[in-house]
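2 protein chains.
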Amino acid sequence: MAEQGTTTARRRVALTREAIVEAAIRLCSPEGGGVLTFSRLGKELGADPTAVYRHFRDKDELILAMTTVMVEEAVALASVDALGPDRWRESLTGSARAVRAVYLERPALAVLAAVRTTASDVETSSVEQIIGMLHGAGLPVIEAAECCRMLLDLTLAMTQSSAAFLVLDKESQAKDDAAWSVQYGLLPEDRYPLLHQSAARLTELFRDDAQVFELVLSTFLDGVALKIERARAEQARTERTRTEQARKGSALG
Amino acid sequence: MAEQGTTTARRRVALTREAIVEAAIRLCSPEGGGVLTFSRLGKELGADPTAVYRHFRDKDELILAMTTVMVEEAVALASVDALGPDRWRESLTGSARAVRAVYLERPALAVLAAVRTTASDVETSSVEQIIGMLHGAGLPVIEAAECCRMLLDLTLAMTQSSAAFLVLDKESQAKDDAAWSVQYGLLPEDRYPLLHQSAARLTELFRDDAQVFELVLSTFLDGVALKIERARAEQARTERTRTEQARKGSALG
DNA sequence: ACCTGAACACCGTTCAAGT
DNA sequence: ACCTGAACACCGTTCAAGT
Numbered sequence: 001m002a003e004q005g006t007t008t009a010r011r012r013v014a015l016t017r018e019a020i021v022e023a024a025i026r027l028c029s030p031e032g033g034g035v036l037t038f039s040r041l042g043k044e045l046g047a048d049p050t051a052v053y054r055h056f057r058d059k060d061e062l063i064l065a066m067t068t069v070m071v072e073e074a075v076a077l078a079s080v081d082a083l084g085p086d087r088w089r090e091s092l093t094g095s096a097r098a099v100r101a102v103y104l105e106r107p108a109l110a111v112l113a114a115v116r117t118t119a120s121d122v123e124t125s126s127v128e129q130i131i132g133m134l135h136g137a138g139l140p141v142i143e144a145a146e147c148c149r150m151l152l153d154l155t156l157a158m159t160q161s162s163a164a165f166l167v168l169d170k171e172s173q174a175k176d177d178a179a180w181s182v183q184y185g186l187l188p189e190d191r192y193p194l195l196h197q198s199a200a201r202l203t204e205l206f207r208d209d210a211q212v213f214e215l216v217l218s219t220f221l222d223g224v225a226l227k228i229e230r231a232r233a234e235q236a237r238t239e240r241t242r243t244e245q246a247r248k249g250s251a252l253g
Numbered sequence: 001m002a003e004q005g006t007t008t009a010r011r012r013v014a015l016t017r018e019a020i021v022e023a024a025i026r027l028c029s030p031e032g033g034g035v036l037t038f039s040r041l042g043k044e045l046g047a048d049p050t051a052v053y054r055h056f057r058d059k060d061e062l063i064l065a066m067t068t069v070m071v072e073e074a075v076a077l078a079s080v081d082a083l084g085p086d087r088w089r090e091s092l093t094g095s096a097r098a099v100r101a102v103y104l105e106r107p108a109l110a111v112l113a114a115v116r117t118t119a120s121d122v123e124t125s126s127v128e129q130i131i132g133m134l135h136g137a138g139l140p141v142i143e144a145a146e147c148c149r150m151l152l153d154l155t156l157a158m159t160q161s162s163a164a165f166l167v168l169d170k171e172s173q174a175k176d177d178a179a180w181s182v183q184y185g186l187l188p189e190d191r192y193p194l195l196h197q198s199a200a201r202l203t204e205l206f207r208d209d210a211q212v213f214e215l216v217l218s219t220f221l222d223g224v225a226l227k228i229e230r231a232r233a234e235q236a237r238t239e240r241t242r243t244e245q246a247r248k249g250s251a252l253g
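Protein sequences appear in the order of chains A and B. Every letter in the first sequence is one number past the one before it in the numbering used here, and letter 60, counting from 1, is 60. Every letter in the second sequence is one number past the one before it in the numbering used here, and letter 218, counting from 1, is 218.
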């Protein structure tokens, strides 16, 4: 009998920063309703909506704290399979998928969080780890850092875009969906022969943006692989030159 | 003396769909204030805020109309330099940059528009054109369509992300900026040697997300180039086989 | 037929008052 | 020290009333 009262409000929880953040994150998941307002948050906590202001300066500060928690969860999930430099591709793919999955569990938060920076320790060491992996694979440090940042931006941006669609009310979602289906179904073959030919695939991709993300990720990583190959070739070339010069030097000396 | 009255409201315009959309788009640009509300829109039109409801069912319908206009502008700008299949890379780069530029001129609209679909004719023919170019470069039609969709999603997602930051109030922007600078400046070298080494570059990339976009775009297109090479090689292989079989057939016949 | 203005529900936020 | 509840400014939207 931990519960008391007959209201629809959730169990009364001690109002701490952590309890508030936890409740707020819960509200952002589809099961929690997918909307974050002070009114709903107050009900979830069994307290007055404005009580939250005793622990957070404003909504922005609350969102920042929520984001930190979510990022830490994503990083923990992502770095589980931190494989060696020879398997950088699988590692990066796994990390990107983990971030996306954790974010899409709370679309309403993902939309709010994607822009904001959270300077958490665990995130920092994860970035260091990724740079190390790419560097170990053959990329100069600066270039490795660039690739890490690109992957992060790319993943967050596309995830946020998916989240934004999930947050739309059902009506708008249906409107968008219908627009695509109808449009691609009615394309005149003589004016748009190629679109007509690929309409089925394009409709499929629209319905499932996880697939688009996988394709983009794979294509992007192909580009990274190319950078690594080039870097290795360059390194091999300079080493060969150095060896030759050394040989020449010893021959002359 | 076209102007009259002493209010801060703009010139009184005949209330048509086009006039409303034009005014609304203007409000979304930084010069226009960068915020779209019915109140501000009414003032801009010199009419009662609720007068807009005589021409648009709700705000969503207005945003859809605004998005259509902006997309058409972007497409017009993007297809100016539609070069041949041999220069697909420059064409796609130009298109992506054009879309990004047009969207970032009205960050407040970009944020609202990025998810919504607008089935405009001019957009359709632009997509057909891009698929044709990639197909001409050697990609099978379906794969060309996939690449087109990937590029579009990628560009819109990253552009929307940049727009979301521009829409943040100055205070939050400064907070984010400070967070990055401080964090990367204070990283202990012994724990984060690689991050310490690339801190300057990472800070630069954070400050200038146009640069990140260019890098991602280039890396992604490297991946597309690889797909094209593979497709060409595959095609050459099957053609050779067919020729050999034809030769064998004629030798046997 | 089109525009106006009062009204409503909802949002984030403030502040004086309670315990 | 922490929570409550009335109040405020602002938002999108509705609707009866004007012309």
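Here a beta-carbon is modelled for each residue, glycine too, at the ideal position from N, C-alpha and C.
**Message:** Using 8 Å for Cβ pairs, my map puts B:S29 next to B:R106. What's the rounded Cβ distance?
**Reply:** 5 Å
**Asked** What do you reckon, are the CB atoms on A:L326 and A:I130 nearer than 9 Å?
**Response** An answer regarding residue 326 of chain A cannot be provided, because it is not within the stretch 1 to 253 covered by chain A.
**Message:** Once the 5 residues before and after B:L217 are set aside, which same chain residues still bring their CB inside 7 Å of it?
**Reply:** Contacts found: T93, A96.
**Message:** Which residue wins for smallest C-alpha separation from B:S181, given the options B:R89, B:C147, B:L152, B:R201?
**Reply:** B:R201
**Request:** Would you mind working out which of B:G34, B:A51, B:R240, B:T37 sits nearest B:R17, comparing C-alpha positions?
**Result:** B:A51
**Request:** Please name the residue in A:A23, A:D60, A:V35 whose C-alpha comes closest to that of A:E44.
**Result:** Closest option to A:E44, Cα to Cα, is A:A23.
**Prompt:** When we look at the beta-carbon of B:V71 and count the other beta-carbons within 10 Å, is it buried (16 or more) or exposed?
**Reply:** buried
**Asked** A:T254 and B:L195: beta carbons closer than 9 Å?
**Response** Absent from the structure is residue 254 of chain A, since the part of chain A shown begins at 1 and ends at 253.
**Prompt:** Can at least three beta-carbon pairs, one atom from the stretch 222-230 of chain A and one from the stretch 131-139 of chain A, be found at a separation below 8 Å?
**Reply:** yes
**Request:** Can you give me, in chain order, the residues of the stretch 99-120 of chain A that have a beta carbon less than 7 Å from any beta carbon in chain B?
**Result:** A114, V115, R116, T117, A119
**Message:** Using CA atoms only, rank isn't needed, just tell me which of B:D209, B:G42, B:I25 is closest to B:A14.
**Reply:** B:G42
**Among A:K248, A:F213, A:L186, nearest to A:R100 - alpha-carbon criterion** = A:F213
**Prompt:** Roughly how far, in whole angstroms, is the beta-carbon of B:A157 from the beta-carbon of A:S161, given that I think they are within contact range, below 8 Å?
**Reply:** Contact flag correct, Cβ pair sits at about 4 Å.
**Request:** Could you run through the stretch 65-79 of chain B and flag, in chain order, every residue whose CB is less than 8 Å away from some CB of chain A?
**Result:** none
**Prompt:** Using a beta-carbon distance below 9 Å, is A:R149 in contact with chain B?
**Reply:** Closer than 9 Å: yes.
**Item:** chain B within 9 Å of A:T241, Cβ atoms only
**Value:** No - not a single Cβ of chain B is within 9 Å of the one on A:T241.
**Prompt:** Taking the continuous alpha helix (DSSP H) assigned at A:F56, which residues delimit it?
**Reply:** Note, A:F56: premise wrong, no alpha helix (DSSP H); not H, not E.
**DSSP three-state assignment for B:R232, whether helix, strand or coil** = helix
**Asked** Taking 9 Å as the CB-CB limit, is A:A96 close to chain B?
**Response** no
**Prompt:** Would you say B:D190 faces chain A, with C-beta separation under 9 Å as the test?
**Reply:** no
**Asked** DSSP three-state call for B:L139: helix, strand or coil?
**Response** B:L139: coil per DSSP, three-state reduction.
**Request:** Flag this pair as yes or no: are the beta carbons of B:L254 and B:M66 separated by less than 9 Å?
**Result:** The structure shown does not extend to residue 254 of chain B, since chain B is modelled only from 1 to 253, so the question has no answer here.
**Message:** Taking 9 Å as the threshold (C-beta atoms), are B:V75 and B:S39 in contact?
**Reply:** Taking 9 Å as the Cβ cut-off, B:S39 and B:V75 do not qualify as a contacting pair.
**Message:** For the ligand NAD, is there any heavy atom lying closer than 8 Å to the beta carbon of B:L186?
**Reply:** Questions concerning the ligand NAD fall outside what the structure shown contains, since it holds no ligand whatsoever.
**Item:** For A:V102, the nearest candidate out of A:E239, A:S250, A:T243, A:I25 (CA to CA)
**Value:** A:I25
**Request:** Below 8 Å on the Cβ atoms is my guess for A:A199 versus A:L187; work out the distance and round it to an integer in Å.
**Result:** 6 Å
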